[in-house]
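Structure record follows, encoded as structure tokens.
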Amino acid sequence: MARVKLEHVTKRYEDVTAVDDMNLDIRDGEFVCLVGPSGCGKSTTMETIAGLTLPTEGEVYIGDREVTRLPPKDRGIAMVFQNIALFPHMNVKDNISFGLRLRKYDSEEIDRRVQRASDIVQLEGMLERMPDEMSGGQRQRVAIARAIVRNPDVFLMDEPLANLDAKLRVHMRTELQRLHKELETTIIYVTHDQAEAMTMSDRIAVIDSGELQQIDPPLVCYNEPANLFVAGFIGSPSMNFTPGRVTDGGFTSESYDIEFDPASLGLSPGDSVTLGVRPEDVYPAEQRASVSDPSMTIEARTDVIEPMGDEIFVYVVTTDEMEMDFEAAEAGQLLMSVSPDSTIDVDQDIEVVLDRSKVHLFDDETGQAICHGLSPNAQTGTTTETETEAGDDD
Amino acid sequence: MRNPIALLRRRWSDSDDVRTDGGTVDSGQSFWNRDSVRSAPFWLPPFLLVGLFVYGAILWNIVLSLTDFQGLGSPDYSNLDFENYLAALADPIDGLLSVLPFVNGGAVEARSPSWAQLSVEPIWNSAWNTVVLMVGFTVVCLALGLALAILVDHKIRYENTFRTIYLLPMSLSFVVTAKFWLYMYNVETGLINVVITSLGFGAVEIVQNPDLKLPAVAFALVWQFSGYAMIVYLAGLRAIPTSHFEAARIDGASTLRMYRRVVLPQLRTATVSALVVLTVFALKAFDFLFSMYSGYQPGPSADILATRMVREAYANQNWAYGSTIAVVLFVMALFIVTPYIYSQYQRGEL
Amino acid sequence: MSKDNKGKRFSRRTVLMGAGAAGAAGLAGCIGGDDSNDGGNNSDGDGTGNQSGDGSGGSSGDMQPIQLLHAWSSGDGNAAIGALIEGFQEAHPDVEFGEEPVNGAARGNLDQVISNRLQSNDPPSTFQTWPGKTLQKFGDAYESIEEDVWTDDLTNNYLEGPKTQAQLDGTFVTVPLNIHRINNLFYNVSVVEEAGVDPTSLSSPADVVSACQQISDNTDAVPFAQQTSGTWSTTQLWETVLLAQAGIDGYESFINGEGDKAQVQSALENVVELSEFYPGDSSSIDFTEANTMVMEGDAAFIHQGDWAAGAYRGKDGFNYGEQWNQVTYPGTSGSYLLNMDSFPYFANNPSPEATKTFLSYCGTAEAQVLFNAEKGSIPPRGDADVSQLDTFQQDQYDDFNNADNQPPSIQHGLAVVPAIKTNIDAAFSGFLENYDAATTAQELVDSFK
């Protein structure tokens, strides 16, 4: 068990920088997910921790030791791979005990440890099987047992569930969480699936273009995304973004306006900003009463409806359809999540409101978040005015 | 043209219809609908051709070896016996003693089979040379091929160029490579001796040196075919996921151990396929010897079963005895290849 | 070079001309050969032409094209066979010719082709083969041509040696076409002069060794050019030395299987001594390279058949009697060690009439001069007009006619049957590895068992 620290780690290949000045501090016993789209550098980051790749610059610490130049075997780590990577010519027991045998443990100790590891991942009675005689889930358990058996300080898992089918993946997720609770070992887990990251980890490290965007607990990443990228990446379906400008009285865009006091946020009229709001923070106007800080009403039209069972996703279009090109349609579209008993139909005029306390503003230039939730004091007085304005516009 | 099989099938099921109830019709149709039967036009002709011209020819050769066939005319199959084998494998103990290195024993008497005007020597010498060549050549070739493959697999620069360079010798004919190596082995001007003398040693006679002849032939063949072994191994290596290497390294395997315990066992299939082909090439060393020594008399220390066989068959027209040697050669090849094929079969990889 | 090209071109054109002529003539008739030996072989039932050996004119009948298989696919051999066929076409324009050189130019390949064709009962008309004991190889497949081809003209004019070699168990089955002599010692005049050696004064194989020593002492040249990658050069050197040391009687005893081991070993020991004077890389060179050493002045002597002189003819400024010369191998004067090519007659012949016509033509002095002028060898007939041959050939021809005996070569297949020759080759392949005269002598004597 150990803390893992990356300081200014940079990995450059001939013409690409895979990891750019990465600083990470992972606490002892923590379960941290590295997430990001394909090619963002999360796997390279993990490889530098594992020692499979040496960083071009920076240092890696595991526990109290600097391990930047140490070979993988001396770092006290164990790794589980996406393609499971069991050796096909060895049976389960030999696969699990491979590392122990290389380290010349005596056979009793090996047996004891293999037994314990296979108990933890529930592999009873399968020790003599060959990998190709097992299902995908069983093989992944063997791979995990192989990692457990060496009592590593840190587990590194590189998309270990990516090759499993959806149902098994969900099952294995809980297994991993149980395992983490039982072993209390630091786990660093790479995935491109934000749902996995949300459900399992203590903290999520969101990586894009080789740079760390944010590292925070899942709900913090969700509720207070540090920038546009995190806001868009975390959450499914993803956040609505509307590009616009700051005015004297707040935010304006082609589709709708939101009232707030720019000065209180240090903004001045004319600044380009993007407004972000999650689908569950968009409401039909008739539910205004239950919204904690409703915005003015926005006139819109329903476009596509996706019933999900426990909720319904409604795409509403806020700009005048006739004049829209594709890009404008994207910007003028809002996704709204409503309760399943709503009776909303397609191509219907509808009025929606946003929960101002859940609205995010992002600086267009830097992408950084300006605020999460608009201050409540500016709200009530302006609501009717905006309504009228909106009505006039129509 | 109507498809005769379809026609036949229709007729078959028609007759069933008349004779029995639907169930039997089903069984009749199911026979013709079986994949193996329906695909027969594709597999049957090659199956028959291979059966006749490969296995049939092997069988015929075995039968021929039991006759007294020599000279012109046609063989007499009425009187089959193992006389040729007794002559070819006479005095096994003395025969082995006479060919094993560091043992100077065992003179072997030539035998006179009933058909022969002249006595015939047993085949111990050429059989031993064949084994030495086959084993030496294949083992070295596989080892070198593996080493090259591992190097090339390490993503060195100009990888494709290297691959082509290593593979190129294989595309040359034995006649060319034999003349080439005759030149390379030249005592005065050949590259090998130029290197030896530049290191301060005396020039070494190679081509007609009884101690170096066979190694020299094996060396030339290794030069020619290690590129092939490399390609086969490279394909095998490429099929092993990178994560296996990484897993082994994290588990604490040194590079040597990683290759020995993780990579090599996964190259079994590649080894078997390379081995089979290389064994065949070793048998084909005949062409090389023929070109190098201007005929099928490479001398006792490089005489292999193939040269002996051609001498008996085509120079002496002792067809039956030549067939006997061919059968011995065939059995030897089986001995080398079978254990590997069998282990592959047991692992379900064939 | 130009000579070769001319020969090739000519032969191809003549074949076409011949074919065209035959086509135009249609069923003009067959020439040459008596039909008495045809038996049922010619299924077409010919018109039974009847005439003397080399006669002209004949009655009508199907004349199948001659299938001649040979390995003279390049060089002087190709020019020679081209000249022969051209001459034949002129004399017999109505006989069609299907010349088929077997690729690889190796006699071994040719023999395999013949062997396979005989196995499938499909013999060609005739093919290029050594006569003598080599005839035993396809013995049963040959048919006598004593009456149709070996007329008095041939029996009276062939010398005794070649005549013996044309017979299989006492019956004439083949027509020898040329003779290469084996017991020659060629030398580069300036090299031996520089060393102070007079080759004509040498009278025994031992003298050759001494002369080599002298050359080695006095010049930078290799004394004795020889190749040892293949066995054949060494075998023919040994047989020449054996003939020199043991005489014709000792030589004949050996080829009859009654060789004296001491004589055999003594000859081998002489070869071992000579091997000290070979080029250092003799095992990596071939005959052509060895011969070139003599031509370039890098070597003094070479022992070879007189085809070696063929290369000298092609080199400008390298003339017989001036830059190079030849002596009968010391100790073998009076003997003309024979190496011959011949065309035999197969039973079940695909073209009986035409084949016999052709073989009869090959038996004429005129045909043999045409052939040998290109080949560099000499006619086996004693009455040939050799004025068209070059000076060296004329000298060899004189030697031939004045020879006391014409023993057959072992290496070149005349003296022993193929199986024994295989054993002898095997013995020499071992000899080249270790130069162990005693062991090899025993193996050579045992070759006949």
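Protein chains in written order, with UniProt numbering: chain A, 1 to 394; chain B, 1 to 350; chain C, 1 to 449. From the three backbone atoms N, C-alpha and C, an ideal C-beta is built for every residue, glycine too. Remember, predicted model here, so these are calculated numbers, not experimental data.
Count the other C-beta atoms from every protein chain shown that fall within 10 angstroms of the C-beta of residue i, then say buried if there are 16 or more, exposed otherwise.
i: residue 246 of chain B; result: buried
i: residue 13 of chain A; result: exposed
i: residue 213 of chain A; result: buried
i: residue 290 of chain C; result: buried
i: residue 143 of chain B; result: exposed
i: residue 45 of chain C; result: Its pLDDT being 33, under 50, residue 45 of chain C is placed unreliably by the model, and the measurement read from it follows with that caveat. By the neighbour-count rule (16 or more Cβ atoms within 10 Å), residue 45 of chain C is not buried but exposed.
i: residue 35 of chain C; result: Because the pLDDT at residue 35 of chain C is just 34, under 50, the model does not fix this residue reliably, and the value given afterwards should be weighed accordingly. Per the 10 Å Cβ criterion, buried.
i: residue 260 of chain A; result: buried
i: residue 52 of chain B; result: exposed
i: residue 433 of chain C; result: buried
i: residue 349 of chain C; result: buried
i: residue 239 of chain C; result: buried
State the Cα-Cα distance for the pair residue i and residue j, rounded to the nearest angstrom.
i: residue 207 of chain C; j: residue 354 of chain C; result: 51 Å
i: residue 133 of chain C; j: residue 253 of chain C; result: 15 Å
i: residue 124 of chain C; j: residue 164 of chain B; result: 46 Å
i: residue 16 of chain A; j: residue 39 of chain A; result: 11 Å
i: residue 388 of chain C; j: residue 378 of chain C; result: 11 Å
i: residue 222 of chain C; j: residue 215 of chain B; result: 29 Å
i: residue 220 of chain A; j: residue 271 of chain B; result: 55 Å
i: residue 128 of chain A; j: residue 103 of chain A; result: 22 Å
i: residue 156 of chain A; j: residue 255 of chain B; result: 21 Å
i: residue 112 of chain B; j: residue 448 of chain C; result: 12 Å
i: residue 72 of chain B; j: residue 118 of chain C; result: 7 Å
Give me, in chain order, the residues of the same chain whose beta-carbon lies closer than 7 Å to that of residue i; leave out the 5 immediate sequence neighbours on both sides.
i: residue 345 of chain B; result: none
i: residue 308 of chain B; result: 123, 126 and 325
i: residue 196 of chain B; result: 203 and 204
i: residue 89 of chain A; result: none
Check whether the Cβ atoms of residue i and residue j sit closer than 7 Å, and answer yes or no.
i: residue 356 of chain B; j: residue 90 of chain B; result: Outside the displayed range of chain B (1 to 350) lies residue 356 of chain B, so it cannot be described from this structure.
i: residue 445 of chain C; j: residue 261 of chain C; result: yes
i: residue 227 of chain C; j: residue 138 of chain C; result: no
i: residue 209 of chain C; j: residue 274 of chain C; result: yes
i: residue 10 of chain A; j: residue 25 of chain A; result: no
i: residue 141 of chain C; j: residue 215 of chain C; result: no
i: residue 244 of chain B; j: residue 85 of chain A; result: yes
i: residue 372 of chain A; j: residue 280 of chain A; result: no
i: residue 282 of chain C; j: residue 207 of chain B; result: no
i: residue 266 of chain A; j: residue 258 of chain A; result: no
i: residue 441 of chain C; j: residue 241 of chain C; result: no
i: residue 161 of chain C; j: residue 338 of chain C; result: yes
i: residue 144 of chain C; j: residue 171 of chain C; result: yes
i: residue 158 of chain C; j: residue 344 of chain C; result: no
i: residue 212 of chain C; j: residue 277 of chain C; result: yes
i: residue 360 of chain C; j: residue 149 of chain C; result: yes
i: residue 87 of chain C; j: residue 367 of chain C; result: yes
i: residue 227 of chain B; j: residue 321 of chain B; result: no
i: residue 300 of chain A; j: residue 353 of chain A; result: no
i: residue 153 of chain A; j: residue 51 of chain A; result: no
i: residue 47 of chain A; j: residue 56 of chain A; result: no
i: residue 361 of chain A; j: residue 370 of chain A; result: yes
Keeping to the same chain, check which residues put their C-beta closer than 8 Å to that of residue i; ignore five residues upstream and five downstream.
i: residue 327 of chain C; result: 184, 185, 187, 199, 200 and 202
i: residue 391 of chain C; result: 320 and 321
i: residue 275 of chain B; result: 138, 142, 336, 337 and 340
Apart from the five residues just before and just after residue i, which ones in its own chain have a Cβ nearer than 6 Å to its Cβ?
i: residue 374 of chain C; result: 76, 79, 80 and 83
i: residue 100 of chain A; result: 110
(message) Just to confirm the assignment: which complete beta strand (DSSP E) runs, minimum length 3, are found wholly within the segment 367 to 434 of chain C?
(response) Within the segment 367 to 434 of chain C, not a single complete beta strand (DSSP E) segment reaches 3 residues in length.
(request) Can you check the segment 203 to 257 of chain C for any beta strand (DSSP E) of at least 3 residues that lies completely inside it and give the ranges in chain order? (result) Within the segment 203 to 257 of chain C, the runs of beta strand (DSSP E) at least 3 residues long that lie entirely inside it are, in chain order, 222 to 225.
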